[in-house]
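Numbering-wise (this note's numbering), the sequence shown opens with residue 845 and increments by one.
Even for Gly, the Cβ is constructed at its ideal location relative to N, Cα and C.
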Amino acid sequence: MPVIGVVEVLTAFAFIILIRAYVGTIVAGELTGEPVTRREGLHRSLARTPSLVGVVILTVVLVMTIPFLVALPLFLIVGVLPVTPVDMISFPVAAAIGGITFAVPFLFLLYKFWFALEACVIGQYGPLKSFRVSWRITTNYRGKFVLIGVIAIGSAASLFLPAYLPEMGMSLASLNPVLSLISSSVSELLSIVWASAYAHIYVQGIVS
């Protein structure tokens, strides 16, 4: 049922966010020489949940609203033209221009806000301050844009791997139930790796 699907997606999303917050807290403690116990890490992560929710909501609103406002003048110009863009240029070109106009600011903002979660949990900042800290870190780390991009892509891809691995190895999975169990744990294991990498970059950005 659609409702169940939505609940599952939201639950998985919340799980990934909390895992990132929890692992980030533990790793940051180790990197700064102030170790945090697992219980303390869990307590800090849960205590920052309201602020985390605020960060997530504001991120979604900003990365969707601002690109739309940037692309709005283009849509208005297209609306007043006597002919459609498809009549002037080919459809693929018109679609590419529209897509790029929205996608460029969308990806830029997503990148600039990427470490807001770490700033919120590790730095214990409020949502707005977390955005400012994330903006500064990504500005100082422009040379590591590719690295951050690769980590982000790997993190996103890890969410879809468990869904495809059983299908790719269905015959093997039917012969070996352990394979199915391992594939279902891939996302969680990789989430810990990515969360550790984010925390490491965040601490480096703060210290430097």
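Quick one: residues in its chain with C-beta nearer than 6 Å to the C-beta of residue i, no 5 flanking neighbours on either side, listed in chain order?
i	result
serine 974	Val899, Ala960, Ala963, Cys964
serine 1015	Here the model assigns serine 1015 a pLDDT of 48, short of 50, so the residue's position is not dependable, and the following value carries that caveat. Excluding sequence neighbours, serine 1015 sits near nothing in its chain.
Taking residue i and residue j to be in contact with their CB atoms under 8 Å, please state how far apart those CB atoms are, rounded to whole angstroms.
i	j	result
leucine 886	tyrosine 866	6 Å
valine 871	serine 1040	5 Å
isoleucine 966	glycine 1049	Their Cβ separation, rounded to whole angstroms, is 11 Å, which puts isoleucine 966 and glycine 1049 out of contact at 8 Å.
glutamine 968	arginine 892	7 Å
valine 1047	leucine 875	5 Å
Output the boundary residues of the alpha helix (DSSP H) element that contains residue i.
i	result
valine 880	Where valine 880 is concerned, there is no enclosing alpha helix (DSSP H), given that its DSSP letter is neither H nor E.
tryptophan 958	Counting along the chain, tryptophan 958 falls outside any alpha helix (DSSP H), and DSSP gives it neither H nor E.
isoleucine 1070	Absent from the structure is residue 1070, since the part of the chain shown begins at 845 and ends at 1052.
Should residue i be listed as close to the ligand NAP, given that the test is whether its C-beta is under 7 Å from any heavy atom?
i	result
arginine 892	Ligands are entirely absent from the displayed structure, and the ligand NAP is therefore not among its contents.
Please name the residue, chosen from the options, that lies closest to residue i on a Cα-to-Cα basis.
i	options	result
arginine 864	Thr876, Arg888, Gly877, Pro879	Arg888
isoleucine 910	Phe946, Leu1034, Leu862, Thr876	Phe946
proline 971	Ile861, Leu953, Val1047, Leu902	Leu902
leucine 916	Gly942, Glu884, Phe957, Pro879	Gly942
valine 907	Pro894, Phe950, Ser1035, Leu862	Phe950
isoleucine 981	His1044, Val948, Phe919, Leu920	His1044
arginine 976	Pro879, Val994, Phe957	Phe957
Going by beta carbon distance, what residues of the same chain come within less than 8 Å of residue i, once the five residues before and after it are set aside?
i	result
valine 1037	none
Closer than 7 Å by C-beta to residue i: which residues in its own chain qualify, once you throw out the five before and the five after it? Chain order, please.
i	result
leucine 862	Ser889
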